[in-house]
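Participant: Structure below; questions to follow.
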RNA sequence: CGGGGUGUAGCGCAGCCCGGUAGCGCGCUUGCUUUGGGAGCAAGAUGUCGAGAGUUCGAAUCCCUCCACCCCGACCA
């Protein structure tokens, strides 16, 4: 490829609406342009990246035995009524009517359509198992599209659906996909981690998310460095402490803490460690009853866990707190409250001689103990895992301590079991001639999101640092004075031909720009390898090589460059 | 949807409070010079000031309505 025949659309400044680095860099490098909220054009440079990701995904899916097909983006709404998902999906499902006033949707996912295909085409156990997948544009009318291509409304996704005669076979395919996804993300050159995910109503161990690790990721992940345990912090279990509660040694005492409404402030004022503090969070149940959730001073509430224990709730507002407890938020405590349910985190239940709010503005209590002086003891179902795990909590698999990191969800595999097959009557005849409902799995990869995630993971002050596998070009040739110097022009043209002949995806920047702006452009775009052709080096029969993240250049003999690059790309 | 904010040239912004000539930087066009890290000089082009209605002799500026976009919260690849 030659730059003058391609389309390079770099920008010095990023549009103001691009918030995170990957979005800014994708705009600046001319990979994408915005059409409407959450809807982007993939410019030629960006499309090359997208296609490379797609190709790797396709290759590995095919190798894993999945069969590609392509389903319509437009689906009749009836199918969604049949599966019962129409109402549940709600406004995220983009609906419209055709000229005959028939209801249609633009597909946000394809469980219904694929199940409809399979229920019509697959009748016998002899045709099972089958795994169909497609790489296709989806539309989800997100409440808040943001982060460019990472949470767009229109996006490219690989979605696969497998059908089985037995649960055992579904499990086999699930493991197959776990391994396939691992291969895909490895080939893409990304740092990633598979984490256990919520399986909702279906339960079991049947769901994993694949996260690209990046500090800016939206999800917090807890993992054990000594084992393969990893889970979304939303799910990661905080084990109950294995030490039992110590006997009380102090008597309860009111202390003056004017203006100190945060655990950290009270801890500093009283010179008592945060780990001896208890915070109480006031919530209101769906039925209207009040409850207090007790957490250690340095821990944070996990709303998902709490919801599972106490049911739907919302946070109490200031007036409700005032009228029920008689104080402002910041001074809430569990002592002397009547008719208010108290739920304690495991850690809190094992505490003694602690500090908490006095339910009186400007005061806290110290030397507080469960079962003494107006504080009921907490036992049984009122003690639960209510908090987010923190760094160095014990790993639930008992193999060491947890570490935390952040990730971007780019893949999700799920054992659907018979949820859709049942609703849509997707059945087959088994060996005994009996009609059975198929077991299903589904497996998604956010293809366009991967591009954003890769950039989020690989960038520096100069721009994108692409893994070679998905860079728009593998090598760029930057000539010094292409228009002026015939030696340079000849050498550059010849090198381009050599690289292309060696099946290296190379581009020659023949724009005759000033060197500075060519260097800046290609560093912004993130091409991993660069060769400079200049009269200076040519005199000695040498070309200059620099890797995108290298500190220095190195000189290579003109004849050995193609081989050298080939070697680099294999590393 | 709730809360906050922004719409002025392709991009980044000033002007708005206090109404009166539409402005800056980058980019773009032309010419000359320059050519190993986003060049210099000179000359140009580009705007329904988000849309509509209103107040006024006069509105980018004040008032109202709408629209779009962004940020913070509940979803997901």
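Numbering (our numbering), first residue to last: 203 to 773.
Ideal Cβ positions, reconstructed from N, Cα and C, are used throughout, including at glycine.
Just so we're clear, the structure is a prediction, and the values are computed from it rather than from any experiment.
#1: Taking only runs that begin and end inside the region 598 to 633, name each unbroken beta strand (DSSP E) of 3 or more residues, in chain order.
#2: On the DSSP bridge list, what partners appear for residue 374?
#3: Thinking just about the alpha-carbon of each residue, which of 471, 408, 379, 412 is nearest to the one in residue 392?
#4: Since residue 665 sits in a beta bridge, which residues does DSSP pair it with?
#5: Pop quiz: residue 768 and residue 321 are said to be a contact at Cβ under 8 angstroms. What is the actual Cβ separation, rounded to whole angstroms?
#6: Check this for me: beta carbons of residue 657 and residue 647, under 9 angstroms apart or not?
#7: So which of 436, 408, 429 has the shortest CA-CA distance to residue 420?
#8: Hey, how far is the Cα of residue 280 from the Cα of residue 207?
#9: Considering only C-alpha positions, which residue in the set 598, 509, 314, 374 is nearest to residue 430?
#10: Along the chain, where does the beta strand (DSSP E) that runs through residue 494 open and close?
#11: Per the contact definition of three or more C-beta pairs closer than 8 angstroms, is the region 590 to 605 in contact with the region 509 to 524?
#12: Can you pull the DSSP bridge partners for residue 458?
#13: Distance check for residue 705 and residue 299, CA to CA, integer angstroms please.
#14: Can you check the region 367 to 453 for any beta strand (DSSP E) of at least 3 residues that lies completely inside it and give the ranges in chain order?
#15: Please classify residue 206: does DSSP put it in a helix, a strand, or coil?
#16: Which ranges does the alpha helix (DSSP H) cover as unbroken runs of at least 4 residues, wholly within the region 530 to 590, from first to last along the chain?
#17: Would the region 565 to 577 and the region 608 to 617 be scored as touching if the rule is three or more Cβ pairs under 8 angstroms?
#18: Here's a check: name, in chain order, each residue in its chain whose Cβ is nearer than 6 angstroms to the Cβ of residue 349, leaving out the five neighbours to either side.
#19: Should residue 696 be labelled buried (16 or more other beta-carbon atoms within 10 Å of its own) or exposed?
#20: Out of 561, 608, 500, point me to the one whose CA is closest to residue 530's CA.
#21: Are residue 454 and residue 567 touching if we call contact CB-CB under 9 angstroms?
#22: Roughly how many angstroms separate the alpha carbons of residue 655 and residue 416, rounded to a whole number?
#23: Put residue 637 into one of helix, strand or coil per three-state DSSP.
#24: Give me the residue from 742, 744, 689, 770 with the minimum Cα distance to residue 677.
#25: What are the residues that DSSP puts in a beta bridge with residue 305?
#26: Identify the residues that DSSP records as bridge partners of residue 644: which are they?
#27: Which one of 580, 479, 535 has the shortest CA to CA distance from residue 545?
#28: What is the DSSP secondary structure of residue 716, reduced to helix, strand or coil?
#29: Quick check: the Cα distance between residue 726 and residue 249, rounded to an integer number of angstroms?
#30: Write down the C-beta distance between residue 410 and residue 396 rounded to the nearest angstrom, noting that I regard them as a contact closer than 8 angstroms.
Facilitator: The short version:
#1: 605 to 619, 629 to 631
#2: According to DSSP, which records beta bridges pairwise, residue 374 is partnered with nothing at all.
#3: 412
#4: 662
#5: Actually they are not in contact, since the Cβ atoms of residue 768 and residue 321 sit about 49 angstroms apart, beyond 8 angstroms.
#6: no
#7: 436
#8: 48 angstroms
#9: 598
#10: 492 to 498
#11: no
#12: 565
#13: 49 angstroms
#14: 394 to 398, 409 to 415, 421 to 425, 432 to 434
#15: helix
#16: 548 to 551
#17: no
#18: 222, 225
#19: exposed
#20: 561
#21: yes
#22: 8 angstroms
#23: strand
#24: 770
#25: 299
#26: 363, 616
#27: 580
#28: coil
#29: 16 angstroms
#30: 5 angstroms
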